[in-house]
Amino acid sequence: VRVQRKEEEERRRKDEELAAQAPVRVQRKEVVVGRDVRPEEGQRVVFRRAALDNDPDLALDSGGGVGTITWVDPEDLDGDGVTGDICEVLWDKTRTKGDYRTGY
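Quick look at the structure:
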């Protein structure tokens, strides 16, 4: 627990340093595609830290960078009445395309 707490403190410190260096105000609250906003082609996205913690191999797709949504599934796969449960993203750094679930 202590090691994890120390890592969290270090991560928070680095985030604060980056925010202080940023030319614009850094948004602290994550906006999650498929939960907070509907997915749309052309949106610029990154993987959430929680997703990368859960599946570190996702970083191989994105290269740790930004991507663009190139396709949104028109079907409602989970039956909640909202489409866009899966999106295709083209990652800038790796030029990799992949399909990813939205909303978590």
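Sequential numbering of the sequence shown, starting at 636, is according to our numbering.
Even glycine gets a Cβ: it sits at the ideal position worked out from N, Cα and C.
Residue i - containing beta strand (DSSP E), residue span
{"i": "D734", "result": "732 to 736"}
Separation of residue j from residue i, as counted between CA atoms
{"i": "G714", "j": "D720", "result": "10 Å"}
{"i": "E644", "j": "R684", "result": "15 Å"}
{"i": "C722", "j": "E642", "result": "32 Å"}
{"i": "V661", "j": "F682", "result": "Residue placement at V661 is flagged as unreliable, the pLDDT there being 48, under the threshold of 50; a coordinate-derived value is accordingly withheld."}
{"i": "E710", "j": "E676", "result": "15 Å"}
Continuous alpha helix (DSSP H) stretch holding residue i: start and end
{"i": "L687", "result": "684 to 689"}
{"i": "L695", "result": "693 to 697"}
Integer-rounded CB distance, given that residue j should sit under 8 Å from residue i
{"i": "G702", "j": "D671", "result": "Incorrect: roughly 18 Å between the Cβ atoms, too far for contact."}
{"i": "V666", "j": "I704", "result": "Not confirmed; about 13 Å, so no contact."}
{"i": "A686", "j": "L693", "result": "6 Å"}
Beta carbon of residue i nearer than 7 Å to that of residue j
{"i": "V668", "j": "T731", "result": "no"}
{"i": "K674", "j": "V707", "result": "Here the sequence assigns Pro to residue 674, which means Lys is not the residue at that position. Closer than 7 Å, so yes."}
{"i": "G729", "j": "G698", "result": "In the sequence on display, residue 729 carries Thr and not Gly. It is a contact, given that the beta carbons lie within the stated cut-off."}
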